[in-house]
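Heads up, the thing below is written out as structure tokens.
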Amino acid sequence: MNQGKLFPQEPTWTPKVTRMRAGCARRIIDPPIGTRTENWGASKVHVTTGVHNHITATAMAILSKNGESHFIVSVDWGWWQGITDDLLIRGVIIRELEINENQLLLHLTHTHAGPTTSSDVGGLEGGQAAIEYHGVAIGEIVSACRQALAESVLVDVSWGYGKCALAVNRDLPCGSEDVVAFNPNQPADDTLAVARISDLNSKTIGIIINYACHPTTLAWDNSLASPDFVGAARDLIESKHDAPVLFLQGASGDLAPRDGFTGDTRVADKNGRILGFATLSVIENMLPPSTRLKFLKTVESGALLGEWGEEKFIPERTDSFQRLDLKLPLKVIPSIEELEELWKNIDPNARSVRIKRAKKLREGYLRESGTTHPVWIWRFGEAVFVAHPGEAYSKFQIELRSRFPDRVIFVLNCTNGPGYVYVPTAESYDRGRYQVWQTLLGPGALDELIERVGEAIESLL
């Protein structure tokens, strides 16, 4: 047999890598002790008493092929409660950076142990401190974006998937309704998307993690400002790779840690290490930057073996940026008076929190003509970022990734606004789930979101 002529049909294997011009920067934005929180209706303490790990803002600046700047910013905050709160912060950042709103993805990691994002808390305990803190944080976020842009260089971004077992399903059937708790009988999406950003000298300058899991380890018994498990995950990864980690919360409407709802920060750190080690595994499995495999030759041994070797190549540089404004179906929305009657017998503080959130959710999202749900789709070579303000169920990312198996799909909840609502599965509406009475959207909204976004991605490719 002439082994010299034995070659596979495809003699090279090229990993998913994109060339772009980008930079990364980090700022610590810890809130002062005494800053208002407002994360849990069951909480008896509504101000921070200290800090567990750091609250941070991490920015990635991207210069597109046509020279336009774009920014992805990950902030260790919880969620926007209304359009006014969003624009008082995001709007200022946009103006300071002299960009339009579609050039910024301002992403909240969704910690439930962070400072409030509300702007109307000045008369409440810790409220004035929160408002002053927002002003300081805005300046730091803008500074991080400017540094990331100033330090942007040509980079090669390696994209990959992995698995992480941190998240579990959190819709637990209890009789005729579901409660928010670990459901051991329902599997959870464990997909982890990772990007390693390397300069042309192969130095790692940033890492992106996209994983779907509610940061609800720390709950009503905790009064420390904390990024939850995200902090320990970052610390672990950054101890191995001296570069900032940018965490992006995935479609986690139905996902959370198994071990949570605690005041014990050690549990949050343990959960973070689970995610951190899973991420390190993905990075360890990546080839060096700008490297692919080439089939070299066959080798006679106990079996006929094939030898592959590494070779350098220049990755493709492709980018595109798109915004969708989608008409999603609404549910029959109860009046505020009806909600007050519905919740009249629950804990007064919990009722107050629910009513306030219900009022603010409607601002800037509900209109006489219906609602418009914004979605941003950014493509970088073989990777696609899909970002929206809501909290979609994991079916969103599962379906998109199954439709485009040759791409690495990053799905971001809690990004920009308005539309800070859950996007549950159709069957959720039959189970009285929290996500259903929180949202303004009706059955079929998630399926419509999947279809329209899928069509848009198809057109990009």
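Position one of the sequence shown corresponds to residue 85 (my numbering), numbered consecutively onward. Don't be surprised by glycine CBs; every beta carbon is placed ideally from N, CA and C. These figures come from a predicted structure and were not determined experimentally.
In this structure the region 125-136 does not touch the region 163-171; the number of beta carbon pairs closer than 8 angstroms is below three.
Pairing residue 245 with residue 466, the inter-Cα distance amounts to about 13 angstroms. In the three-state scheme derived from DSSP, where H, G and I count as helix and E and B as strand, residue 313 is classed as helix. With a 10 Å radius around the Cβ and a threshold of 16 neighbouring Cβ atoms, residue 96 comes out exposed. A residue is called buried once 16 or more other Cβ atoms fall within 10 Å of its Cβ, and residue 229 is buried on that count. Of all alpha-carbon atoms in 342, 490, 305, the one lying nearest the alpha-carbon of residue 269 is that of 342. The count of Cβ pairs closer than 8 angstroms, one atom from the region 501-511 and one from the region 393-402, stays below three, leaving the stretches out of contact.
DSSP places residue 509 in no alpha helix (DSSP H); its state is neither H nor E.
Membership of residue 392 in the beta strand (DSSP E) is indicated by the continuous run 388-396. The closest CA to that of residue 108, considering only 280, 254, 276, is found on 280. Contact annotation, residue 140 with residue 113: C-beta distance approximately 6 angstroms; criterion of less than 8 angstroms satisfied.
DSSP places residue 403 in the uninterrupted beta strand (DSSP E) bounded by 403-410. For residue 335, DSSP records no beta bridge to any residue. Residue 419 carries a coil assignment under DSSP once its states are collapsed to helix, strand and coil. In terms of CA proximity to residue 391, 379 leads the group 379, 407, 402, 493. Only exposed fits residue 413, as fewer than 16 other CB atoms lie within 10 angstroms of its CB.
Beta bridge pairing from DSSP links residue 108 with 144. Exclusion of the five residues before and after residue 247 leaves 274, 275, 276, 362 as the residues of its chain whose Cβ lies within less than 8 angstroms of its Cβ. Excluding residues up to 5 positions away in sequence, 240, 282, 286 lie with their Cβ nearer than 6 angstroms to the Cβ of residue 373 in the same chain.
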